[in-house]
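Q: 1072 is the number of the first residue of the sequence shown in the numbering used here; add one for each residue after it.
In this text, a Cβ means the ideal position worked out from N, Cα and C, and glycines have one as well.
Mind looking over this structure? Questions follow.
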Amino acid sequence: NSLYHTFSLNYYKFKLFKKYYYSIKTHFNKKTESIKTVTEITGINQYSTSIMFYEPETSWSLNGSFSKTIGKIKTKIKTGYRYNDYFQIVNNTQRQSKSTSFKVEPSIKTLFDKFPNIEIGYKKDFTEYNNSSIIKYTNDNIFSFLDYDYKDFIFSADFEHNNYQNKTDNSIKNSYINSNASIFYQKEDNPWGFEINATNLFNTKFKQSNRQNDFIISDSKTFILPRTVMLKVIYKL
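Have a look at this one:
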């Protein structure tokens, strides 16, 4: 069995008439006994064994958010920080590693009843791994959402532009756009409905990200299905 200590503290405040809300959350975890994966690499072969591990490993996170509504406009900002220190055991070599990440995400959204509603935001991520060498990543994300309910029509669309970069190796970078849209029609009290739905409007080929496991930090690609347009016919019993 694993043995660890954990501590969490959450605080939030909400004012209905002033229309604002904020919250702060923190979480701390320290493992003193854990099940650790030991990896042995021989040529192209990899062998993994689970052992009981008694070195302390810690993780700590801090997250906050604030939102304020002025008339029909809602503003919001979210931020977060995370720290981890952990051990990796590869080919009988034990090595302590650290990782930190920080993100900030401001956004603005409309709250109209009879007009289209749109949300626009920006998200910035910083990630750093320290494992005998330092590897840094950044990701910039601009996003928007559109919703419009007009009589018997419902229109929705989303747009996301990502700019991913390995700051340690400038040759590893990826900029891509992901966008989808749909229009739905159904008259009131009519069981028939029709929708035209389009995904991956810009026909993006792949997106790139980074990840870590017990012995390696890697860049990875996720391939995306090509642009697709579908006509849906719906009948409600």
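1. What residues in its chain sit with their C-beta under 6 Å from that of residue 1357, if we drop five residues either side in the sequence?
2. Starting from residue 1174, trace the beta strand (DSSP E) both ways and give me its first and last residue.
3. By Cβ distance, which residues of its chain are closer than 8 Å to residue 1306, with the 5 residues on each side in sequence left out?
4. I'd like to confirm the pairing. Which residues does DSSP put opposite residue 1264 in its beta bridges?
5. Can you check DSSP and say which residues form a bridge with residue 1272?
6. Below 6 Å CB to CB, which residues in the same chain sit around residue 1174 once its five sequence neighbours on both sides are set aside?
7. To the nearest whole angstrom, what separates the beta carbons of residue 1269 and residue 1249, a pair I think is in contact under 8 Å?
8. Relative to the C-alpha of residue 1141, which residue among 1171, 1190, 1176, 1180 is closest?
9. Just the Cα atoms here: how many angstroms apart are residue 1231 and residue 1295?
10. Return the bridge partner residues of residue 1229 from the DSSP annotation.
A: This is what the structure holds:
1. Since the first and last residues shown for the chain are 1072 and 1308, residue 1357 lies out of range.
2. DSSP places residue 1174 inside the beta strand (DSSP E), whose first and last residues are 1164–1181.
3. Cβ within range, chain order: 1262, 1263, 1264.
4. Per DSSP, 1305.
5. DSSP links residue 1272 through a beta bridge to no other residue.
6. So the list reads 1151, 1196, once near-sequence residues are dropped.
7. Rounded to the nearest angstrom, the Cβ distance from residue 1269 to residue 1249 is 12 Å, too far for a contact under 8 Å.
8. Among 1171, 1190, 1176, 1180, the Cα nearest to that of residue 1141 belongs to 1180.
9. Those two C-alpha atoms are separated by around 14 Å.
10. Residue 1229 pairs with 1216, 1251.
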